[in-house]
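Down below is the structure, laid out as C-alpha cells.
Chains as they are written, first to last, in this note's numbering: chain R, 1 to 386; chain S, 387 to 772.
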C-alpha cells in the first residue's frame, strides 16, 4: 500500500469503443494469407506459462516440425518472437561482426532490406543487382564471390516483390569453395516451394508464419547451421542485439530452458498447429498443391490476355506478378476488389509500383476455388476499369 | 514452373502429432497472467492485411487507448511487434548513441537486463544498486545524477523480481534539472498500478501485453516523449536495430502508413480488445481493484503467519513476494500447485532463488476469488511441505 498522492486521471484519451469486429477478407495478396481455422482455434486457447512443462514439450514439437518443413537437421531451429523481419535481422545480427564483408545479391525490394540491415551491423556491404523480375545465374554468383570474397552471401529465395524464384542448386557448394556462409530469405517459399536447406548448403535462413504456414503474422522461423554457429561462437564481442541473440535464446530453446524473455505462447500454439497441419499433408503434397494451383492461375490469366511479369522457368508458385494492362487504373481495381468483394490483392512495390498486381496463393489459400474466384473477377470486372 | 530436379524429401523429422490441447491453468505467477475471454476471441478472428483500411483504423484505436492507459499525450505510442523485452530494447536502441552516458538504477533482475542491453548499444554505463526488496530514495537518485551526469536515467517502476514499486514523484523533475532523459520499465505496472507518464516526466517507457492488460504475451507497448524524440532525431547514424527503429516505425504508425514490416495483426486485435476493456472499466477502477485484491492477499498471508518480503509502503499490488518458511521445499510446493491444482505461481529469480514465491494478481486475474483460492491452498496444503 503506497502513501503517494496522485494527480487526477486525464480523460482526453479515454475513448469507449465497440467490441472488435473484423471484416471477412480473402487475402490473395503478398501476405498475410488467410489462416487455417484450426490455427485460429489454437490461438484462442488460454495461455500457459513459458516455463510450464507442457509448453516446454510444445517448444520441442515446434522445433522438430520446423526442421521437417525446412529439411534441416540444424539444432538451432526456432521461431523468433517477432515477425519475419525480426528473424531476417537475427540472421545478420548474430553472424555479422563490424567490418565483415557481406555480399547481397539483390533482385527486388527485400534484397535492399538485407543491405540496410547489414549496414546497421557495420558490415562492409557489397552488392550485385539483377533487373527486377530476373534471377541470378550460377556464373554471376561465382564471379561476384571471386570479386568480393565475402564472409556471407545473402540472397532471397522467393522475391515477394517480383514473383521470382531464385534457383539455388550449386550456390551452397560455391559458398563452401569460397569459404563463406550462405544466408537465405525463405519468407515466401517455406511450405509452398521445394526447399532443402541442408542438401543445398544453406547456413542461415529465416521465414514468416503468415504465408506458406497458414498462421497469422507474428513469428519468424529462424535456423542456423553448425558451420554458421562456429562464426557466432568465435565472435569477439556480444551480439549487438539482446532480443535476437541466439546464444541467449539457445539457453531457453536448448536443453537448459533458462528464461530469456516471456515467450509469445499463443502465437506458438498457432504455429505448432500450422506446422502440424503441414506435416499431416506432407511437404511434397503441399508443394504440388501450390504448383498446380499456380499453374491454373497462370493459364487463366493467359486466356484472359493478361501478361505475367516473370518467365515461366523462374516463376514463383506462391506469388504471381501480373502486368497491369495499359490504360487500366490498377489501384482502383485493387480497391474495388477489397471494398466490393472482400478480396485483397497486392500492388507493386518499388520500381514495380503501378506496373503489376501481386497475387498470392499461399498455404491455406492455395485452392482451385480461390483461383477460379479471382480469375472470374478479373474476367467480369476488370473491363470496367479499362 | 521450375525445371530443377530435387533431392528426396527427408522424413526423419516428419512427426505426426495430435491436434493441440492445452491444460487449463490459473496463472498466478510473475506473468503471463490469464487473458480475458474476449481478448482470446479477438485473437481467433481471421487476419486481415496490415494495410487494410480497417486495420489502419484499428491501429489508431490501439494507440489512443495506450495513451490513456499510460496517461500520456506522446504521439509515438505504439505496441512493438515483439514481447516486452523487445520494447525494452527499443527504448535503448533508439536513444543511445555510442559513448552516451546511461545511468541504471538497479534494484532487481530487470535492472541488470537494462545494463546488458545498454552495453550492447555501446553506451558508457554507470549503475547504482539497491538491495533487492528496497526502493531508491529521491536523494539517492539526485546524488547519482550529480555524480554521473548521464544523458539517460533508466529504472524499473515495478520490479517483477522483488515485488517492489519504486516511488516516482520528483524523479522526472530531477531529470530535467540535470538534463537527462527518464526511461522507465512499466512491464508489471501498466494497467495495475497508478502511473502517470506525462505528469511524472517520463520520457521513454515500455511494457508488455500479458500482465495488467490481460492479453497473451507477444506485444511490447512503447512510448517516447517529444523530448526524447529530439535525441532520436539528432542521432549521427542510423538506429543500429532495423526492426525496432522508431524513425521507420513512425512512417507506418504515423500518418504516412508506409509499409515497414508485416504487422502481427491478430495480436493487435487482442491488445485492442484488452485496452478497450481497460478503458471500459476505467483506470482508477482497475487500479483500485488491484490494490484491494492485493491487500486481501497480504492480510491472508499474514494471518497464515507467512512473511512478505517487501515492506508495505513500497509493495507492488500486481506482484507479491512471500518468504518461503525455513524447512519448506519451495520448489516442491510450486510443482504441487501446478500439477495437482493447475495453478502457476513463481519462484525467486537471481539472489531470491529458493527464498521467495512470487504471486501475481494481474489484470483479469486480480479477483477476490483467485485470492481466496490461493490462500486456501497455502493454508491447507503447505503444512505437508514443511
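Using N, Cα and C, we set each Cβ at its ideal position, and we do this for glycine too.
Within chain S, the residues placing a beta-carbon under 8 Å from that of residue 42 of chain R are 406, ordered along the chain. Of the other Cβ atoms in all chains shown, fewer than 16 fall within 10 Å of the Cβ of residue 332 of chain R; this residue is therefore exposed. In chain order, 89 and 92 place their CB closer than 6 Å to the CB of residue 117 of chain R, counting only its own chain and leaving out the 5 sequence neighbours on each side.
Residue-level contact check: residue 594 of chain S touches chain R, since one or more beta carbons of chain R fall below 8 Å from its beta carbon. Residue 592 of chain S sits in a strand when the DSSP states are folded into three classes.
Per DSSP, the continuous alpha helix (DSSP H) segment holding residue 455 of chain S begins and ends at 439–456. Close CB contacts of residue 28 of chain R within its chain, under the 8 Å cut and outside five residues either way in sequence, are with 343, 344, 345, 359, 360, 361, 365, 370 and 374 (chain order). Put simply, of R:177, R:168 and R:271 the residue whose alpha carbon is nearest the alpha carbon of residue 217 of chain R is R:271. Between residue 220 of chain R and residue 79 of chain R, the gap from beta carbon to beta carbon is short of 8 Å. Under the DSSP assignment, residue 680 of chain S falls in the alpha helix (DSSP H) whose first and last residues are 669–689. In summary, residue 492 of chain S is buried, with 16 or more beta-carbon neighbours lying within 10 Å of its beta-carbon over all protein chains present. Closer than 8 Å to the CB of residue 750 of chain S there is not a single CB belonging to chain R.
Within the model, the alpha-carbon separation for residue 550 of chain S versus residue 576 of chain S is close to 14 Å. In terms of CA proximity to residue 378 of chain R, R:300 leads the group R:143, R:300, R:348 and R:315. Against chain S, a Cβ distance below 8 Å from residue 234 of chain R picks out nothing, because the smallest value is about 18 Å. Taking the C-beta atoms as reference points, residue 395 of chain S is found nearer than 8 Å to residue 283 of chain R. Closest by C-alpha distance to residue 340 of chain R, out of R:23, R:4 and R:123, is R:23.
Sequence-ordered contacts of the stretch 521–539 of chain S with chain R are nonexistent [C-beta pairs closer than 9 Å]. In this structure, residue 548 of chain S and residue 696 of chain S form a Cβ contact; the two beta carbons are roughly 7 Å apart against a cut-off of 8 Å.
If you check the CB distance, residue 713 of chain S and residue 596 of chain S do not come in under 8 Å. Shown here, residue 221 of chain R sits in a strand according to DSSP, grouped into three states. Residue pairing by DSSP places residue 568 of chain S opposite S:539 in a beta bridge. With a cutoff of 8 Å on beta-carbon distance, residue 544 of chain S and residue 573 of chain S are scored as near each other. In the structure shown, residue 468 of chain S adopts coil according to DSSP, grouped into three states.
Proximity of residue 320 of chain R to chain S, defined by a Cβ-Cβ separation below 8 Å, is not satisfied. Three or more pairs of CB atoms, one per stretch, sit closer than 8 Å, so the stretch 507–516 of chain S contacts the stretch 483–490 of chain S. About 18 Å separates the beta carbons of residue 632 of chain S and residue 436 of chain S, which is beyond the 8 Å limit, so they are not a contact pair. The beta carbon of residue 25 of chain R lies closer than 6 Å to those of 342 and 344 in the same chain, with the five residues before and after it left out. Using a Cβ-Cβ distance cut-off of 8 Å, the stretch 247–266 of chain R and the stretch 455–472 of chain S are in contact, since at least three pairs of beta carbons, one from each stretch, lie closer than that value.
About 14 Å separates the beta carbon of residue 569 of chain S from that of residue 483 of chain S, a gap too long to meet the 8 Å contact definition.
Fewer than three Cβ pairs drawn from the stretch 440–457 of chain S and the stretch 557–564 of chain S lie within less than 8 Å of each other, which leaves the two stretches out of contact. Annotated three-state conformation of residue 351 of chain R is helix, per DSSP. For residue 513 of chain S, the three-state secondary structure derived from DSSP is strand. Pairing residue 43 of chain R with residue 67 of chain R, the inter-Cα distance amounts to about 22 Å. Taking a beta-carbon distance threshold of 8 Å, residue 59 of chain R does not count as an interface residue toward chain S.
Between residue 172 of chain R and residue 202 of chain R, the beta carbon gap of about 6 Å places them in contact (Cβ cut-off 8 Å).
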